[in-house]
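Novice:
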Amino acid sequence: PWIESVGPGVDVLATVFDPVSGREFPVFVRAGNVLAISFHPELTNDARVHELLLSLVAPGIDEER
Numbered sequence: 001p002w003i004e005s006v007g008p009g010v011d012v013l014a015t016v017f018d019p020v021s022g023r024e025f026p027v028f029v030r031a032g033n034v035l036a037i038s039f040h041p042e043l044t045n046d047a048r049v050h051e052l053l054l055s056l057v058a059p060g061i062d063e064e065r
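Per UniProt numbering, the sequence shown starts with residue 1, numbered consecutively.
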């Protein structure tokens, strides 16, 4: 799965190539403090997306304590 389109103010952080259409599609976008990610962690042993998400929220958790 991927993100079909993005609007103004949305930063595309990662894409995937679709060999059927020959196009790149967004799979990771950001608009301000909102992230949208399309990924399937059960398909690989790659934990980079989880590590990124934890690094983004960890400072906020520490501040609340």
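Note that beta-carbon positions come from the ideal geometry of N, C-alpha and C, so glycine has one too. Computed from a predicted structure; not experimentally measured.
When burial is assigned at 16 or more other CB atoms within 10 Å of the CB, is V20 buried or exposed?
Specialist: Classification of V20: exposed, given that the 10 Å Cβ count is below 16.
Novice: In three-state terms, what does DSSP make of I37?
Specialist: If DSSP states are grouped into helix, strand and coil, I37 belongs with the strands.
Novice: Since I believe V12 is in contact with W2 (beta carbons under 8 Å), could you give me their beta-carbon distance rounded to a whole number of angstroms?
Specialist: That belief does not hold up - the Cβ atoms of W2 and V12 are roughly 11 Å apart, past 8 Å.
Novice: Does DSSP classify P1 as helix, strand or coil?
Specialist: The answer is coil: DSSP assigns P1 none of H, G, I, E or B.
Novice: Are the C-beta of D11 and some C-beta of chain D separated by less than 8 Å?
Specialist: Checking the listed chains, one finds no chain D in this structure; it contains a single protein chain.
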